[in-house]
Amino acid sequence: MSELGRLLRWYPEVWRSRYGEELEALLEDELAGRPPSRRLRLSLAFAGLRERAHAAAMVGGEAPPTERARAGVLVVLGAWSAFILAGASYEKLAEHFAGALPAAHRSVPQSAFDVVVGAAVLAGVLSVLGVALSGPAFARSLRSGAWPALRRHVVRAGAVTALALAGVAALVPWAHGLTSAQRNGGDASYGAAFLTVAACGAVGLALWSRAAMAAYRRLTLHRRTAVVVSALAVGVAAAMMAATVNTAIWWGQVALHAPWFLHGTASGTPGSALDPQLALTAVVMLLAVVASLYGVVRIGRSWVDLRRSTG
Amino acid sequence: MPQYSVLRNYALRSSVRVVPAGRRSHGDPTLLILTSLAGGPKHGHALSKDIETFAGVRLGPGTLYGAITRLEGRGLIEPVASTDRRRPYRLTGAGSTALADAVADLHKVAVVGATRLGLSLGSPA
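Structure representation (structure tokens):
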């Protein structure tokens with residue numbers, strides 16, 4: 000592949016086979032032998048990703064409304080996967096927080112924490128319902144030959160998950176032989192092993208989400224099922240928003256009444272409430288909520304268009 | 000027709016640009032491409048040069064081909080049969096109608112603006 004051809008790797012393959020040569024010719028004319036600038040490279044990368052988003056019906060109005068609604072559901076599903084990781088991080092950070100708070104100031108953060116857990120459980124149940132509802136369509140798609148296209152996604156996700164599970168199996172007996180302080184940063188080798196296994200788990204989750212997205216894209220859903228799955232996606236997005244708001248309330252309350260809990264020092268020690276890991280967790284949650292809201296808007300607009308077009 | 004409303008919206012947005020010519024943002028290039036192709040079929044590089052000449056806007060290759068993809072998808076332009084890698088495009092009937100519609104809308108706004116300012120609308124240079 001030529002250097003200019005490599006610049007087009009961000010574009011979808013179908014797009015490249017239709018317009019690739021023309022765009023390469025245009026780049027040759029525009030550059031007239033000069034090397035491509037960083038700005039041009041960035042702009043082509045951005046344009047290529049935009050074409051991918053168009054091809055996946057995630058932006059633009061060219062695709063039929065049902066495809067746009069499906070893309071909206073996929074955006075919510077992707078956001079939910081990221082949210083699960085952020086939620087797991089929050090759950091770990093908030094471990095034993097109640098004991099650090101004075102009894103008089105425990106009820107609000109405890110309620111906020113309970114809402115986060117409840118919202119996460121609700122979103123999980125809604126996701127499982129969506130998968131169950133799509134089951135018959137998934138079986139039909141497998142019977143009609145979708146497996147070869149899904150196999151590599153499933154094999155990759157399965158391999159990484161198996162690795163993560165093997166890591167957990169090795170970590171559990173190790174953790175039992177350690178004190179609480181050693182488990183929470185005191186033992187460097189345990190900490191590194193824990194982070195490696197957690198990273199494997201995160202990659203596994205991302206790969207399963209990718210596999211689910213690839214499978215969902217190939218499903219032919221009955222209209223009523225598609226409407227219900229869309230409604231479930233809206234519910235998942237609402238649950239994520241509730242969890243994020245309550246995480247913020249929890250953070251604010253703990254920062255106000257027990258900031259030492261956030262920086263892991265002795266009770267009564269003053270200090271900043273801006274814990275970097277919690278801040279990163281909150282940013283991921285917020286980004287997931289923004290993405291899911293985009294998905295919800297796309298679902299809503301698509302169904303309005305479909306309603307209009309069918310009278 | 001949805002493609003007409005897209006162009007009308009663009010026409011109304013682009014007609015209120017107040018940024019000096021040298022600092023204009025690229026914006027939505029679909030109207031610029033249709034206007035360029037109204038003068039005859041052109042390939043990518045010729046389109047880019049023509050648009051720069053009549054509108055003072057330089058479209059990046061990614062932006063230009065993104066717009067060409069969208070316009071071809073909506074049936075407003077079509078490729079001309081060619082063995083060259085530099086494939087020319089031309090307006091379709093729907094593209095001509097859409098452009099005429101957008102230009103008429105732009106003209107209405109321009110006439111109102113010119114009248115209120117006491118200016119006469121001359122031909123573009």
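Chains as they are written, first to last, in numbering that gives the first Met the number 0: chain A, 0 to 310; chain B, 0 to 124. Each residue gets a CB set at the ideal place from its N, CA and C atoms; glycine is no exception.
- The beta-bridge partner set that DSSP reports for A/E27 is empty.
- Beta-bridge partners of B/K41 (DSSP): B/Y88.
- With the criterion set as a beta carbon lying under 8 Å from some beta carbon of chain B, the members of the stretch 37-60 of chain A are L39, S42, L43, F45, A46, G47, R49, E50, H53, G59, G60, in sequence order.
- Going by DSSP, A/E66 is part of the alpha helix (DSSP H) stretching over 64-92.
- One Cα belongs to A/A236, the other to A/G117, and the distance between them is close to 14 Å.
- From the beta-carbon of A/E29, the residues of chain B found nearer than 8 Å are H44, S47, P60.
- Chain A has a Cβ within less than 9 Å of the Cβ of B/I67.
- A distance below 7 Å between beta-carbons, with the five flanking residues on each side excluded, links B/P28 to the following residues of its chain, in chain order: L58, T62, L63, A66.
- For B/G39, no Cβ of chain A is located within less than 9 Å of the residue's own Cβ.
- Residue environment for A/V296: exposed (fewer than 16 other C-beta atoms within 10 angstroms of its C-beta).
- In the three-state reduction of the DSSP assignment, A/P11 falls in the coil class.
- Using beta-carbon distances, B/L75 does not count as an interface residue toward chain A, since no partner is under 9 Å.
- Between the alpha carbons of A/P135 and A/A210 lies a gap of roughly 17 Å.
- Not one beta carbon of chain A lies nearer than 9 Å to the beta carbon of B/R89.
- For B/P78, DSSP records a beta bridge to B/Y88.
- The DSSP-derived three-state label of A/A131 is helix.
- Separation of B/D49 and B/L75 (C-alpha to C-alpha, rounded to the nearest whole angstrom) is 19 Å.
- The Cβ atoms of A/L292 and A/M240 sit closer than 9 Å to each other.
- Straight through space, the alpha carbons of A/T224 and A/L132 are spaced by roughly 7 Å.
- Against chain B, a Cβ distance below 8 Å from A/A68 picks out nothing, because the smallest value is about 17 Å.
- Put simply, the CB of B/L31 is far from chain A, with every gap to its CB atoms at 9 Å or more.
- Secondary structure note for A/M57: it is in no alpha helix (DSSP H), with a DSSP letter that is neither H nor E.
- Of the residues assessed, A/W146 falls on the exposed side of the cut-off, its CB having fewer than 16 other CB atoms within 10 angstroms.
- Within the stretch 78-102 of chain A, no residue places its CB atom closer than 7 Å to a CB of chain B.
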